[in-house]
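Asker: Let me give you the structure first, and then I'll get to my questions.
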Amino acid sequence: MADNDETTREIEIELNGSRYRGRYRVMSDTVIVYYENEIKFADCGMNGPEVVAKWLLTDLTRRLEAKKRKSAGS
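In terms of the working numbering, the sequence shown is residues 1 to 74.
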């Protein structure tokens, strides 16, 4: 698999019983994840790009869900 291209790949995680789907791509050794209107990126390091993408997507979904709960409570 060529990890140094700009092809976007689908990725899906399950968090608290809900499924979330985002996209990611790899440029050099950097994984870039897109979810809704958010972007997050990190170096792959010793981990595979898909593993890093799942971590980043998990972080993005947790942050956005917390924002939604906070705005609903206001």
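Yeah, the Cβ is synthetic: ideal placement off N, Cα and C, and Gly gets one too.
Quantities reported herein were computed from a predicted structural model and do not represent experimental measurements.
Taking the DSSP output, what are the residues bridged to V31?
Answerer: Paired residue(s): V26 and A42.
Asker: Which residue or residues does DSSP assign as beta-bridge partners of S76?
Answerer: What is shown of the chain runs 1 to 74, which leaves residue 76 out entirely.
Asker: Note down, in chain order, each residue of its chain lying with its Cβ closer than 6 Å to the Cβ of S71, except the 5 sequence neighbours on either side.
Answerer: There are no such residues.
Asker: For M27, which of N16, R19, R9 and S18 has the nearest alpha-carbon?
Answerer: Checking every option, the nearest Cα to that of M27 belongs to R9.
Asker: Once DSSP output is grouped into helix, strand and coil, what is the label at E10?
Answerer: E10: strand per DSSP, three-state reduction.
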